[in-house]
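This note's numbering puts the first residue of the sequence shown at 611, with every later residue one more than the last. Step one of this worksheet: look at the structure below.
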Amino acid sequence: MRVLILVADGFNDLQLFYPWFRLREEGFAVTIATPAGQAVTGQHGYKVEADMPVREINPGEYSLLVIPGGQSPEKLRLRESAVDIARTFMDQDRPVATLGHGPQLLISAYCLTARQLTSCPAIRDDIRAVGGIYRDDPYVVDNNLISGRGADDLPDFCRSLLSVLRVSA
611 MRVLILVADG FNDLQLFYPW FRLREEGFAV TIATPAGQAV TGQHGYKVEA
661 DMPVREINPG EYSLLVIPGG QSPEKLRLRE SAVDIARTFM DQDRPVATLG
711 HGPQLLISAY CLTARQLTSC PAIRDDIRAV GGIYRDDPYV VDNNLISGRG
761 ADDLPDFCRS LLSVLRVSA
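Structure follows, in structure tokens:
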């Protein structure tokens with residue numbers, strides 16, 4: 611199974627690395643895509659090399675989309691190619707995992723109407739404004755959408771993510 615992680619400068623380091631390594635440990639092939647296909651830097655100074663630029667991604671080649679939080683989703687949502695990828699996954703009911711501020715990309719894709727999810731509390735009103743149903747839980751699974759509140763909830767989030775992937779595989 612191939613996994614796509616969309617990330618830009620300012621990503622939350624834990625929200626990228628924890629799921630990335632857990633997915634790799636489980637044998638998933640993970641692709642990191644960045645806006646320009648170059649290395650990006652997290653909030654704590656860690657750099658991550660890109661496998662390819664977002665504009666070259668064919669969403670049909672991937673089974674899961676992961677959107678870590680931090681300032682990264684705010685930057686990704688300004689790129690129509692990233693928004694299109696998120697919209698494609700959601701429209702096709704393929705698994706999408708978001709953490710922290712990650713739902714900002716889904717907000718810009720207008721695909722959260724009547725969907726239950728969690729996020730960092732700072733964007734709960736944005737989720738509600740587009741018709742999403744915000745829940746203040748460590749993680750929420752709503753069909754293909756797996757969402758996590760933040761770094762403190764990563765163990766529960768990753769367990770639920772892997773459980774969903776095992777069921778859909």
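Just so you know, even glycine gets a beta-carbon here, dropped at the ideal spot from N, CA and C. Just so it is clear, the structure is predicted and the values come from calculations on it, not from any experiment.
Out of the options, which has the shortest C-alpha to C-alpha gap to residue i?
{"i": "residue 673", "options": "721, 736 and 612", "result": "612"}
{"i": "residue 755", "options": "735, 631, 729 and 762", "result": "729"}
{"i": "residue 770", "options": "622, 629, 617 and 624", "result": "629"}
{"i": "residue 614", "options": "722, 748, 708 and 773", "result": "708"}
{"i": "residue 712", "options": "743, 733 and 702", "result": "733"}
{"i": "residue 641", "options": "775, 702, 617 and 680", "result": "617"}
{"i": "residue 715", "options": "731, 695 and 743", "result": "695"}
{"i": "residue 699", "options": "688, 667, 684 and 660", "result": "667"}
{"i": "residue 747", "options": "763, 657 and 661", "result": "763"}
{"i": "residue 659", "options": "701, 619, 685 and 671", "result": "619"}
Please say whether residue j and residue i have beta carbons closer to each other than 9 Å?
{"i": "residue 752", "j": "residue 758", "result": "no"}
{"i": "residue 675", "j": "residue 705", "result": "yes"}
{"i": "residue 697", "j": "residue 726", "result": "no"}
{"i": "residue 768", "j": "residue 632", "result": "yes"}
{"i": "residue 691", "j": "residue 650", "result": "no"}
{"i": "residue 780", "j": "residue 639", "result": "Absent from the structure is residue 780, since the part of the chain shown begins at 611 and ends at 779."}
{"i": "residue 736", "j": "residue 680", "result": "no"}
{"i": "residue 636", "j": "residue 775", "result": "yes"}
{"i": "residue 687", "j": "residue 717", "result": "yes"}
Can you tell me which of the three DSSP states residue i falls into?
{"i": "residue 729", "result": "coil"}
{"i": "residue 667", "result": "coil"}
{"i": "residue 628", "result": "helix"}
{"i": "residue 757", "result": "strand"}
{"i": "residue 616", "result": "strand"}
{"i": "residue 722", "result": "coil"}
{"i": "residue 747", "result": "coil"}
{"i": "residue 661", "result": "coil"}
Less than 8 Å between the CB atoms is what I'm expecting for residue i and residue j, so what's the real figure, rounded?
{"i": "residue 621", "j": "residue 653", "result": "7 Å"}
{"i": "residue 693", "j": "residue 719", "result": "5 Å"}
{"i": "residue 678", "j": "residue 625", "result": "4 Å"}
{"i": "residue 724", "j": "residue 743", "result": "7 Å"}
In the DSSP assignment, find the unbroken beta strand (DSSP E) run with residue i in it and report its ends.
{"i": "residue 707", "result": "706-709"}
{"i": "residue 734", "result": "Run containing residue 734: none in the beta strand (DSSP E); it sits in the alpha helix (DSSP H), 734-739."}
{"i": "residue 656", "result": "Run containing residue 656: none; DSSP gives neither H nor E here."}
{"i": "residue 643", "result": "639-644"}
What residue range is occupied by the uninterrupted alpha helix (DSSP H) comprising residue i?
{"i": "residue 698", "result": "690-701"}
{"i": "residue 684", "result": "682-686"}
Within 8 Å: the Cβ of residue i and any heavy atom of the ligand FMN?
{"i": "residue 767", "result": "The ligand FMN is absent from the structure shown, which contains no ligands of any kind."}
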